[in-house]
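Accompanying notes for the structure given below.
Number of protein chains: 2
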Amino acid sequence: MPKQKKQLSTDHQALVDKGVVNAPDSAKGRLLQAAATLFKEKGYERTTVRDLGKAVGIQSGSLFHHYPNKEAILRAVMEETIILNTELMKAALAQTNKPEDKILALIRCELESVLGETGAAMTVLVYEWRSLKEESQLEILKLRDIYENLWIGTLIEAKEAGSVVIDPAVLRRLLTGALSWTVNWYRKEGDLTVEQLAQMALSLAIKPN
Amino acid sequence: MPKQKKQLSTDHQALVDKGVVNAPDSAKGRLLQAAATLFKEKGYERTTVRDLGKAVGIQSGSLFHHYPNKEAILRAVMEETIILNTELMKAALAQTNKPEDKILALIRCELESVLGETGAAMTVLVYEWRSLKEESQLEILKLRDIYENLWIGTLIEAKEAGSVVIDPAVLRRLLTGALSWTVNWYRKEGDLTVEQLAQMALSLAIKPN
DNA sequence: AAGAATACCAAGCAAGCGCTTGGTTTGTAA
DNA sequence: TTACAAACCAAGCGCTTGCTTGGTATTCTT
Chain A
28 MPKQKKQLST DHQALVDKGV VNAPDSAKGR LLQAAATLFK EKGYERTTVR DLGKAVGIQS
88 GSLFHHYPNK EAILRAVMEE TIILNTELMK AALAQTNKPE DKILALIRCE LESVLGETGA
148 AMTVLVYEWR SLKEESQLEI LKLRDIYENL WIGTLIEAKE AGSVVIDPAV LRRLLTGALS
208 WTVNWYRKEG DLTVEQLAQM ALSLAIKPN
Chain B
28 MPKQKKQLST DHQALVDKGV VNAPDSAKGR LLQAAATLFK EKGYERTTVR DLGKAVGIQS
88 GSLFHHYPNK EAILRAVMEE TIILNTELMK AALAQTNKPE DKILALIRCE LESVLGETGA
148 AMTVLVYEWR SLKEESQLEI LKLRDIYENL WIGTLIEAKE AGSVVIDPAV LRRLLTGALS
208 WTVNWYRKEG DLTVEQLAQM ALSLAIKPN
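Line by line, the protein sequences give chains A and B. Counting in the working numbering, the first sequence tops out at residue 236, every number present. Counting in the working numbering, the second sequence tops out at residue 236, every number present.
Here you go:
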């Protein structure tokens with residue numbers, strides 16, 4: 028059986044080429060993927076550097092050749108996933124026009140980021156926030172602001188167009204919770220498709236007109 | 028200045044009298060309150076038994092006179108808060124009739140439990156799940172099922188009455204996320220009241236008819 | 001082929017962790 | 001007053017943690 032090489036999306040590949048994120052098949056990339064999985068399953072604190080080393084097949088001490096400390100690994104996991112998903116969201120927005128379509132695109136993106144390939148990293152981003160030192164939190168916060176502005180801008184447009192009735196800032200926050208929480212219950216093997224789920228979420232968010 | 032004694036709700040007091048939960052001013056009760064606060068702020072893993080001891084003014088070793096180990100403290104925090112809030116929800120439901128009013132009552136209860144007195148403990152219940160050993164998880168799960176059944180039953184009624192359009196199980200899960208996430212952004216000092224927030228959440232959940 | 005980075009290993013240190021132990025103080029009831 | 005249990009302290013044990021160190025392979029460049 029030939030080694031199957033995962034094909035990246037063009038947007039993802041562009042970020043790798045620019046050196047903004049690590050290639051998933053590089054040493055660092057595999058470490059970050061393993062870290063994301065472990066951090067999601069056991070939590071950052073309960074995951075030891077020995078766990079991380081074992082997951083990528085090296086000694087725990089060798090990790091510190093790639094990153095200065097354990098926290099930097101957590102931070103890298105978060106940074107890479109938010110940068111990537113911001114880019115994917117921009118690309119999806121660029122292909123839509125009507126406000127309702129844009130909201131649906133954003134919902135799809137966010138669900139896909141939470142339930143798909145980057146799901147582990149996204150979960151870590153949402154739930155392991157407190158384990159970062161303050162300096163790192165501020166750094167990540169900047170990146171999150173860019174991401175959130177894509178959402179807020181779209182929701183304001185939709186409100187002006189009449190398909191959103193409540194305050195966009197509150198709506199976004201309610202949606203953030205509703206969508207990120209899916210990681211705790213949604214299973215791809217079940218009857219409900221991600222697309223159906225996205226439609227349901229949309230039906231809550233907007234008032235058809 | 029005389030020592031102000033906090034007045035408990037009658038439902039809460041009844042549970043204390045039955046011995047189901049500890050009185051908040053007892054030694055155990057104060058420990059659980061302090062534990063909830065610390066677990067919420069720093070996370071269970073990052074909170075040491077020395078932190079807990081200091082918070083209630085005793086040596087760390089003395090904690091183990093009250094609870095056999097640290098995990099039992101976490102478990103007690105979770106058990107007490109879910110039992111209490113289930114009872115409060117039952118009481119609120121008993122005072123309503125129409126399905127829409129019931130849903131609003133449930134939303135109010137859940138927001139109050141997350142944003143009010145028991146907020147720290149509720150946050151711990153939601154976010155520190157993984158830190159319990161499996162046996163404890165199953166125990167808590169039983170209690171959560173009782174709580175969730177109150178929700179599901181109400182949403183099914185509402186669907187039959189036509190005010191809910193999507194699958195009640197999915198709706199509940201989306202609402203769980205949306206409401207529990209409020210702990211990460213809602214501030215009582217702000218302009219938005221809990222009641223307004225509840226109304227907004229209701230407007231997402233139901234279709235007016 | 002030579003040399004320099006780069007990536008790794010084997011071993012272990014210092015600190016912090018949950019928890020135990022043996023003994024002392026405090027509260028309660030006859 | 002006495003007797004007993006509950007509540008606590010002071011000290012520290014055994015273990016795990018993140019990380020360091022000194023040295024060895026591997027890979028890359030010219």
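Ideal Cβ positions, reconstructed from N, Cα and C, are used throughout, including at glycine.
Taking all protein chains shown into account, decide if residue 60 of chain A is buried (16 or more other Cβ within 10 angstroms of its Cβ) or exposed.
With 16 or more other Cβ atoms within 10 Å, it is buried.
Please name the residue, chosen from A:159, A:109 and A:232, that lies closest to residue 181 of chain A on a Cα-to-Cα basis.
The option with the nearest alpha carbon to residue 181 of chain A is A:232.
Starting from residue 207 of chain B, find everything on chain A with Cβ-Cβ shorter than 9 angstroms and list it in chain order.
204 and 208, listed in chain order.
C-beta contact flag for residue 107 of chain A and residue 48 of chain A at 8 angstroms:
Yes, they are a contact pair.
Run the CB neighbour count on residue 235 of chain B, radius 10 Å, all protein chains shown included, and call it buried at 16 or more, exposed below.
With fewer than 16 other Cβ atoms inside 10 Å of its own Cβ, residue 235 of chain B counts as exposed.
Please classify residue 163 of chain A: does DSSP put it in a helix, a strand, or coil?
In the three-state reduction of the DSSP assignment, residue 163 of chain A falls in the helix class.
I'd like to know if the stretch 74–82 of chain A and the stretch 39–46 of chain A are in contact, where contact means that at least 3 CB-CB pairs between them fall below 8 angstroms.
Short answer: they don't touch.
What's the call for residue 111 of chain B, buried or exposed, on a 16-neighbour Cβ count within 10 Å?
Here residue 111 of chain B is buried, its C-beta having at least 16 other C-beta atoms within 10 Å.
With a cut-off of 8 angstroms, does the C-beta of residue 191 of chain B fall near any C-beta of chain A?
Chain A contact via Cβ: absent.
Three-state secondary structure assigned by DSSP to residue 96 of chain A
If DSSP states are grouped into helix, strand and coil, residue 96 of chain A belongs with coil.
Residues that residue 154 of chain B contacts on chain A, provided the C-beta gap is smaller than 9 angstroms
The contacting residues are 154.
Coarse secondary structure for residue 217 of chain A, derived from DSSP in three states:
Correct three-state label for residue 217 of chain A: coil.
Just by C-beta distance, which residues in the stretch 46–78 of chain B are closer than 9 angstroms to chain A?
Result list: 68, 69, 70, 71, 72 and 73.
Are the CB atoms of residue 129 of chain B and residue 123 of chain B within a distance shorter than 8 angstroms?
Yes, the Cβ-Cβ distance between residue 123 of chain B and residue 129 of chain B is below 8 angstroms.
Quick test of your reading: residue 237 of chain B and residue 167 of chain B, contact by CB under 8 angstroms. State the CB separation rounded to the nearest angstrom.
The question about residue 237 of chain B has no answer, for chain B in this structure spans 28 to 236.
How should residue 20 of chain B be labelled, buried or exposed, when 16 other C-beta atoms within 10 angstroms of its C-beta is the threshold for buried?
In the structure as shown, chain B starts at 28 and stops at 236, and residue 20 of chain B therefore has no counterpart that could be examined.
So, using beta-carbon positions, are residue 157 of chain B and residue 179 of chain B closer together than 8 angstroms?
One thing to note: residue 157 of chain B has its Cβ no nearer than 8 angstroms to the Cβ of residue 179 of chain B.
Given this structure, state the Cα-to-Cα distance separating residue 258 of chain B from residue 64 of chain B, to the nearest angstrom.
Any question about residue 258 of chain B goes unanswered here, given that chain B covers just 28 to 236.
CB-CB under 6 angstroms to residue 94 of chain A, same chain, minus the five flanking residues each way: which ones, in chain order?
Same-chain partners within the cutoff: 100.
The alpha helix (DSSP H) with residue 83 of chain B in it runs from where to where?
Element bounds for residue 83 of chain B: 76–83.
Classify residue 102 of chain B as buried or exposed, calling it buried when 16 or more other Cβ atoms lie within 10 Å of its own Cβ.
By the 10 Å Cβ count, residue 102 of chain B comes out buried.
Should residue 207 of chain B be labelled buried (16 or more other beta-carbon atoms within 10 Å of its own) or exposed?
With 16 or more neighbouring CB atoms inside 10 Å of its own CB, residue 207 of chain B falls in the buried class.
With a threshold of 8 angstroms between beta-carbons, can residue 42 of chain A be considered close to chain B, or not?
The beta carbon of residue 42 of chain A does not come within 8 angstroms of any beta carbon belonging to chain B, so the residue lies off that interface.
Any Cβ of chain B within less than 8 angstroms of the Cβ of residue 178 of chain A?
Not one chain B Cβ lies under 8 angstroms of residue 178 of chain A.
Check the Cβ of residue 118 of chain B against every Cβ in chain A and list those closer than 8 angstroms, keeping chain order.
Counting only Cβ-Cβ distances below 8 angstroms, residue 118 of chain B has no contacts in chain A at all, with the closest Cβ about 26 angstroms away.
Assuming the contact rule is C-beta atoms closer than 8 angstroms, residue 76 of chain B and residue 55 of chain B should be a hit. Round their C-beta distance to whole Å, please.
That pair is no contact at about 15 angstroms.
So, are the CB atoms of residue 141 of chain B and residue 209 of chain B less than 8 angstroms apart?
Note that the C-beta distance between residue 141 of chain B and residue 209 of chain B is below 8 angstroms.
If we ignore side chains and look at the alpha-carbon of each, how far apart do residue 216 of chain B and residue 222 of chain A end up?
Counting only the Cα atoms, residue 222 of chain A lies some 38 angstroms from residue 216 of chain B.
Return the chain-ordered list of same chain residues with a C-beta closer than 7 angstroms to the C-beta of residue 195 of chain A, the five sequence neighbours on each side being excluded.
Here residue 195 of chain A has 179, 182, 183 and 186 as same chain residues with Cβ atoms under 7 angstroms from its own Cβ, once five neighbours each way along the sequence are excluded.
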